[in-house]
Every structure is written in structure tokens, then in C-alpha cells.
């Protein structure tokens, strides 16, 4: 119970940006953040790279959850932009993707992601990974 309160307090005033072209996966991610007590008004969404860049620069979310491939662009470049706004201790960067090749995993690790989640995933899988990342950041 105490951990849930701590996580909820940690996320309470933060802004999250979810860059996910699939509305089904976006819904799962949003529902998970809602479940942690994050205000839905603080959960931004983008399904295109250009929208994601604008939201990242304008709102400076501390939490970025992005798809690996966004059209012809890559979420890793969003992670790099996120890293220019906040240092790695002050931000949460998570990649969700159907790309599970060794090359993609190695590339993602080099970008200092906090978590790499392969699709398909369940809400409980996502919740466990997010909880692990949030606990490390707290």
C-alpha cells in the first residue's frame, strides 16, 4: 500500500508522452499510468513523429514511452531529444516495440533506456516493468 502511494505521489504532477501509433497499445499504456494515479490530463499522446517532437519540446514531459519505429523515423531519436532536456536520473525513457532482434536491443541499450518492452505485452507485464523503473527513479 505504501509503495502504491509513493508511486502515485511520484507521478502526481509529472507529464508523460506516449508515442504509439496503435490505439490498442496506447490504451493499455494509458490505463496503466491511470492505474498508478497519474492524471489523464498529464498523459499526452502522439501517433506521428512530428507531433511527438512538438509535444516533447513544448511540454517537456519527464516520462517518454515510445514505439521503436514511428513511420520512417525511430523512437531512439526522441529518446536522444529527451536526454537533452533531462539527465538520465530525472527522466524515464521506455521503448515498446515489436522489434526484438538482438541489434535493436543492443541499440536501445546504448541509448540509456530505462526499459525495453517487446509487444505483445499484457497490462500486468507493463505495470510490473513500469513499477520497477519508477522504484529505481524514486
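Numbering (our numbering), first residue to last: 6 to 143.
We treat Cβ as the ideally placed atom computed from N, Cα and C, and that holds for glycine.
For residue i, which residues from the same chain have a beta carbon less than 7 Å from its beta carbon, with the 5 sequence-adjacent residues on both sides left out?
| i | result |
| --- | --- |
| residue 72 | 24, 25, 26, 80, 101 and 102 |
| residue 42 | 13, 16 and 17 |
| residue 30 | 101 and 124 |
Considering only the beta carbon of each residue, do residue i and residue j sit closer than 8 Å?
| i | j | result |
| --- | --- | --- |
| residue 130 | residue 97 | no |
| residue 124 | residue 36 | no |
| residue 64 | residue 19 | no |
| residue 51 | residue 22 | yes |
| residue 34 | residue 53 | no |
| residue 11 | residue 143 | yes |
| residue 45 | residue 39 | yes |
Is residue i buried or exposed, if buried means 16 or more other CB atoms sit within 10 Å of its CB?
| i | result |
| --- | --- |
| residue 66 | buried |
| residue 133 | exposed |
| residue 61 | buried |
| residue 59 | exposed |
Could you spell out where the alpha helix (DSSP H) holding residue i opens and where it closes?
| i | result |
| --- | --- |
| residue 43 | From DSSP, residue 43 is part of no alpha helix (DSSP H); its letter is neither H nor E. |
| residue 131 | 128-142 |
| residue 118 | From DSSP, residue 118 is part of no alpha helix (DSSP H); its letter is neither H nor E. |
| residue 61 | 54-64 |
Take residue i and list the residues in its own chain whose beta-carbon comes closer than 6 Å to its own, dropping the five residues that flank it on each side.
| i | result |
| --- | --- |
| residue 104 | 73 |
Following the continuous beta strand (DSSP E) through residue i, name the residue where it begins and the one where it ends.
| i | result |
| --- | --- |
| residue 98 | 97-102 |
| residue 22 | 21-24 |
| residue 83 | Unbroken run through residue 83 is the alpha helix (DSSP H), 80-90; no beta strand (DSSP E). |
| residue 69 | 68-72 |
Residues in its own chain within less than 8 Å of residue i by CB, not counting five upstream and five downstream?
| i | result |
| --- | --- |
| residue 117 | 84, 88, 93 and 98 |
| residue 49 | 20, 21, 22, 23, 60, 64 and 66 |
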